[in-house]
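Residue numbers (my numbering), protein chains in the order written: chain A, -7 to 222; chain B, 3 to 303.
C-beta: ideal position from N, C-alpha, C; glycine also.
Remember, it's a predicted structure, so these values are computed and weren't measured experimentally.
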Amino acid sequence: MIYSEQKPWEEIASYLSEDESLFVLGCGGCAAASGSGGEEQVEELTRKLTHEGWTVTGSKVIDFLCNKGLVGIRLARISDKIESADSILGACCGIGIQAVGKIVDNQVHPANDTVSMGHFHGAWPSEETCERCGECLLEYTGGLCPLTVCTKGLLNGACGGSDEGECEVEPGRPCGWDLIYNRLKDIDRLDLLTTYNDPKPREKYEKEPEMDQRHSLFWAIEAEEVEESE
Amino acid sequence: MSNFQERILESEPVITCEAGPPKGTDIDDLLEELDEIAEFVNAFNVTDQQSSVMRVGSLAVSHRIEKLGHETVYQLTCRDRNRIALQSDLLSANVLGIKNVLALTGDYTTLGDHPHAKPVFDLDSPQLLAAIRDLNQGKDIGGNELEGATELFPGAAVNPGADPVEPQVHKAKMKADLGAKFFQSQAVYDPPLFKDFMEKLRKAGVEVPVLVGILPLKSAGMARFMNENIAGAYVPTEVIEELESSSNTVKKSLEICSRVIDKTGEFCEGLHLMPMGWEEHVPEILEMSGQALSGRDRENR
């Protein structure tokens, strides 16, 4: 399973300064098992947001936000609440944020950092990939990961080697930063392009979860499901 | 302060010329060629394993050129070195008396002659500029104190031909904010496009001097090859046709260069020449476009 941790509240709050209303999404899969995106955490985030003056138009925990096919159907049922919010706060791993970003037109802010993948790349593995860098940047790049979508993994914009939106490395491969630029334009957040991102702290890559979490890792999802069915 | 730096800081016209280290240890021919045209340029810009082809290093060649009494711009890419090696090489450059550095991302590894190599890209070009800023302030990027700070003069690249160009403008602004003192552009063949880029750059509040990239086309075939294979290069079809229909390719090619220089001169602060083996024609290009340094400037170099 994919282990993720909630970002510090100050960091999450700093992402939301442009928005007045939010929809909060949790993931009943790995994030619930990690203790970073289940019912409890979504309720807590909703309470904090409301307390700090944001309007929460609704919240929902969906099993496996990475499962694009099903998530689309589930979100369609609550589209009015999602569309009435300025943006979405996603308490899930990086793949979940990217998958939801593909489905909705709003900006999707990451509430979590993805720490470890456990050889699992989501329930609908396609273009969404996560480097489990432990310091999620999806906030600044429109929900497209610069580490994986850009061949060179550049964090601060295109290298200048692309040609008509095509990466210099191979014909047909889109320039990742071109995709990021277009997405930011679509969600009207080109201002985010001016954000300077520091070099990545490599020691955080694929960091092992704490011992108490590791103990439950493999069984957590099953245990939750068994509990629910009882 | 060096002549190059002084001219950049005072926005006086600057001419740099690219020097491509060879693949091997025989660098005497290169040094000789550069020595012959040194009086026409303010600095030689030494490439770092250009197009990802393994060659003798830009640090060693910059040092040898400096020893001949000519100023250099030492190019450093993020492709082959992690943050430890990059910072160490910057300290080494400073120790060798090299002060001007061009911070580049670098072409991808698969474009060169070692396609199986592991690409590094631990830092990107803005982060490399931030590292130079830190080293100049006596600290490494981890905040550790240095015994002796660097005195480096950083520059960076811009691509006026990028489509869309807006992300390039944002990135140039970021590079300027991180301390880039000069920009050199990719090869330009379309002056109105360059003018438009410069206007966007200035409108974004970027006042850093820009050296327009000038690369003589040796043939129509080379232009087509560049369009297909060289990252960030674009030669318009009209220019290729112009070359093709000319009976004297060399003359036509130099004419094209001089025309671009004439038409871009008022929008930028200097030239970055990339002769790619046509070093002998550098004086001619400058002469034709009226850009040859005056005698007084030569004395001041």
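Reducing DSSP to helix, strand and coil, say where residue i ends up.
i: A/E10; result: coil
i: B/C259; result: helix
i: A/G27; result: coil
i: A/E44; result: coil
i: B/N5; result: helix
i: A/C22; result: helix
i: B/S54; result: helix
i: B/N102; result: strand
i: A/I54; result: strand
i: B/P24; result: coil
i: B/H72; result: coil
i: B/H172; result: helix
i: B/N84; result: coil
i: A/K177; result: helix
i: B/F42; result: helix
i: A/Q99; result: strand
i: B/I17; result: strand
i: A/C189; result: In the sequence as presented, Cys is not what sits at residue 189 of chain A; that position holds Asn. A/N189 falls in the coil class under three-state DSSP.
i: A/V34; result: helix
i: B/H118; result: coil
i: B/F269; result: helix
i: B/G140; result: coil
i: B/L33; result: helix
i: A/A77; result: coil
i: A/G82; result: strand
i: A/G(-4); result: What sits at residue -4 of chain A in the sequence shown is Ser, not Gly. It is a strand residue.
i: B/Q77; result: strand
i: B/T251; result: helix
i: B/N96; result: helix
To the nearest whole angstrom, what separates the beta carbons of residue i and residue j, a pair I think is in contact under 8 Å?
i: A/E156; j: B/D109; result: Not confirmed; about 18 Å, so no contact.
i: B/K254; j: B/L245; result: 6 Å
i: A/S(-4); j: A/N104; result: 4 Å
i: B/L88; j: B/V103; result: That pair is no contact at about 10 Å.
i: A/T49; j: A/S13; result: 5 Å
i: B/P218; j: B/L256; result: 6 Å
i: A/K60; j: A/W116; result: 4 Å
i: B/H172; j: A/T143; result: Actually they do not touch by this definition, with Cβ atoms about 20 Å apart.
i: B/K183; j: B/F155; result: 6 Å
Taking 7 Å as the CB-CB cut-off, is residue i touching chain A?
i: B/N161; result: yes
i: B/K173; result: yes
i: B/T107; result: yes
i: B/T18; result: no
i: B/D165; result: yes
i: B/P169; result: yes
i: B/T49; result: no
i: B/T112; result: yes
Compare the C-beta of residue i against all C-beta atoms of chain B and say whether one is closer than 7 Å.
i: A/T121; result: no
i: A/V161; result: yes
i: A/A25; result: no
i: A/P193; result: no
i: A/Y132; result: no
i: A/Y197; result: no
i: A/Y188; result: yes
i: A/I(-6); result: no
Residue i versus chain E: which residues are under 7 Å apart at the beta carbon?
i: A/L185; result: Among the chains of the structure shown, chain E does not appear; the protein chains present are A and B.
* **Proximal residues, the region 176 to 199 of chain B versus chain A, C-beta separation under 8 Å** => Only those residues of the region 176 to 199 of chain B whose C-beta falls short of 8 Å from the nearest C-beta of chain A are listed: M176, D179, L180 and Q188.
* Asked: What residues from the region 124 to 138 of chain B come within 9 Å of chain A, judged by C-beta to C-beta, listed N to C?
  -> Those residues of the region 124 to 138 of chain B that come within reach of chain A (Cβ to Cβ, closer than 9 Å) are D124, L125, D126, S127, P128, Q129, A132 and A133.
* Asked: Which residues, taken in chain order from the region 77 to 98 of chain B, show a beta carbon closer than 7 Å to some beta carbon of chain A?
  -> The residues in question are R85.
* Asked: What are the complete alpha helix (DSSP H) segments, minimum 4 residues, inside the region 101 to 169 of chain A?
  -> Taken in chain order, the complete alpha helix (DSSP H) segments of 4 residues or longer contained in the region 101 to 169 of chain A are 138 to 141.
* Select from the region 143 to 175 of chain A all residues with a C-beta closer than 9 Å to any C-beta belonging to chain B, and list them in chain order. => The residues in question are T143, K144, G145, L146, L147, N148, G149, A150, C151, G152, G153, S154, D155, E156, G157, C159, E160, V161, E162, W169, D170, I172, Y173 and N174.
* Asked: Of the residues that make up the region 140 to 154 of chain B, which ones have a beta carbon closer than 9 Å to any beta carbon in chain A?
  -> Across the region 140 to 154 of chain B, CB contacts with chain A closer than 9 Å involve I143, in sequence order along the chain.
* Hey, which unbroken runs of the alpha helix (DSSP H) at 4 residues or more fall wholly within the region 142 to 230 of chain B? -> List check, alpha helix (DSSP H) in window: 168 to 179 and 193 to 205.
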